[in-house]
Amino acid sequence: MLEVNNLTVHYGVIEAIRDVSFEVRQGEIVSLIGANGAGKTTILQTISGLNKPSNGSIYFKQKNIRSIAPKKIVKSGISHVPEGRHVFSGLTVKENLEMGAFLRKDKEGVKKDMATVFERFPVLEERVAQDAATLSGGEQQMLAMGRALVSQPKLLLLDEPSMGLAPLFIREIFSIIEDINQNGTTILLVEQNAKVALEISNRGYVLETGKIVTSGTGEKLLESDEVQKAYLGG
Numbered sequence: 001m002l003e004v005n006n007l008t009v010h011y012g013v014i015e016a017i018r019d020v021s022f023e024v025r026q027g028e029i030v031s032l033i034g035a036n037g038a039g040k041t042t043i044l045q046t047i048s049g050l051n052k053p054s055n056g057s058i059y060f061k062q063k064n065i066r067s068i069a070p071k072k073i074v075k076s077g078i079s080h081v082p083e084g085r086h087v088f089s090g091l092t093v094k095e096n097l098e099m100g101a102f103l104r105k106d107k108e109g110v111k112k113d114m115a116t117v118f119e120r121f122p123v124l125e126e127r128v129a130q131d132a133a134t135l136s137g138g139e140q141q142m143l144a145m146g147r148a149l150v151s152q153p154k155l156l157l158l159d160e161p162s163m164g165l166a167p168l169f170i171r172e173i174f175s176i177i178e179d180i181n182q183n184g185t186t187i188l189l190v191e192q193n194a195k196v197a198l199e200i201s202n203r204g205y206v207l208e209t210g211k212i213v214t215s216g217t218g219e220k221l222l223e224s225d226e227v228q229k230a231y232l233g234g
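So for the sequence shown, UniProt numbering puts the first residue at 1; every next one is plus one.
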């Protein structure tokens, strides 16, 4: 579904990503793990069109999306839940969810998908008229994920969904991620909580200073001495 080939990204003269290649197959959960500054967020932002690569290609459903506008990337079926959630303060929960549907014209379909979001995240329905900025961190994460789902993604990019959340909320969020995947959405997950991410992932890639240093199934990476020492506290 997604093929990233020889991707290089610069911020000015700084090379943030160097010659990165990986793939995400339809129906998978794939994790990118690594320390802060490894380049994980840069990769997601480049896939969603927010960064322009210096070199390489990004194919989504066999079409090169490297040079197309972010709006068209969303329309093609990729939605991005950014690090830090970025809900719209001053707008209600309902209005935030509606922002996820800004490219859609099928009002009945949007209404149906909003109902599905409320089924998956009942707390959002309880707070539907509340300013999104007043939600807890976990509730804001649910809102950011719900907003992305309203755009009907085929591929969901999740950037640090557990950041700043209590352990109870982390387990709940990852259970929801599995549920979203089992209902047909492919997921590319960036996450510092490597253990929990790899436990739910079909495959993973480990990044260090802008390049992939190892990859394998989630199970294989969990068992790797190198990964355990670096990221799992082993």
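Virtual Cβ for every residue (Gly too), placed ideally from N, Cα, C.
For His80 versus Leu157, is the C-beta spacing smaller than 7 Å? Yes, the Cβ-Cβ distance between His80 and Leu157 is below 7 Å.
Coil, strand or helix - Asn55 by DSSP: In the structure shown, Asn55 sits in a strand (DSSP, three-state: E or B).
For the ligand FMN, I want to know if Asn202 counts as a neighbour, meaning its beta carbon is within less than 6 Å of at least one of the ligand's heavy atoms. Looking at this structure, you won't find the ligand FMN or any other ligand, since it has none at all.
For Val87, which residues of its own chain have a beta-carbon under 8 Å away from its beta-carbon, when the five flanking residues on both sides are left out? Hits under 8 Å: Asn96, Ala132, Ala133, Leu135, Gln140, Leu143, Ala144 and Arg147.
What is the residue span of the alpha helix (DSSP H) that Thr8 lies within? No alpha helix (DSSP H) contains Thr8, which is instead part of the beta strand (DSSP E) from Leu2 to Tyr11.
Nearest CA to the CA of Leu165: which residue from Gly138, Asp225, Phe118 and Ile68? It is Gly138 whose Cα lies nearest to the Cα of Leu165.
Lys63 in three-state terms, based on DSSP: In this structure, Lys63 counts as strand in the three-state DSSP scheme.
Across the segment 4-18 and the segment 185-196, are there enough close Cβ pairs to call them in contact, namely three or more that are closer than 8 Å? Touching, no.
Name the DSSP bridge partner or partners of Tyr205? Bridge partners of Tyr205: Leu32 and Ser215.
Taking Cβ to Cβ, would you say Pro153 is nearer than 7 Å to Gly49? Their beta carbons are not under 7 Å apart, which means Pro153 does not touch Gly49 by this criterion.
Under the three-state reduction of DSSP, which class applies to Ile73: helix, strand or coil? DSSP, reduced to helix, strand and coil, places Ile73 within a helical segment of the structure shown.
Return the CA-CA distance between Thr116 and Val110, expressed in angstroms with no decimal places. Between Thr116 and Val110, the C-alpha separation is close to 10 Å.
Whole angstroms are fine: how far does the CA of Phe174 sit from the CA of Glu83? Spanning the alpha carbons of Glu83 and Phe174 requires a straight line of approximately 15 Å.
Taking the Cβ atom as the reference point for each residue, do residue 240 and Val9 lie within a distance shorter than 7 Å? As shown, the chain starts at 1 and ends at 234. That puts residue 240 outside it, with no answer to give.
Between the beta-carbon of Leu232 and the beta-carbon of Gly204, is there less than 7 Å? No, they are not a contact pair.
Given 8 Å, three or more beta-carbon pairs between the segment 28-40 and the segment 204-219: Verdict: yes, contact present.
Let's see if you can read the secondary structure: which residues bound the alpha helix (DSSP H) around Phe169? Element bounds for Phe169: Pro167 to Gln182.
By a C-beta neighbour count over all protein chains shown, 10 Å radius and 16 as the cutoff for buried, is Glu160 buried or exposed? Under the 10 Å beta carbon count, Glu160 is surrounded by 16 or more other beta carbons and is classified as buried.
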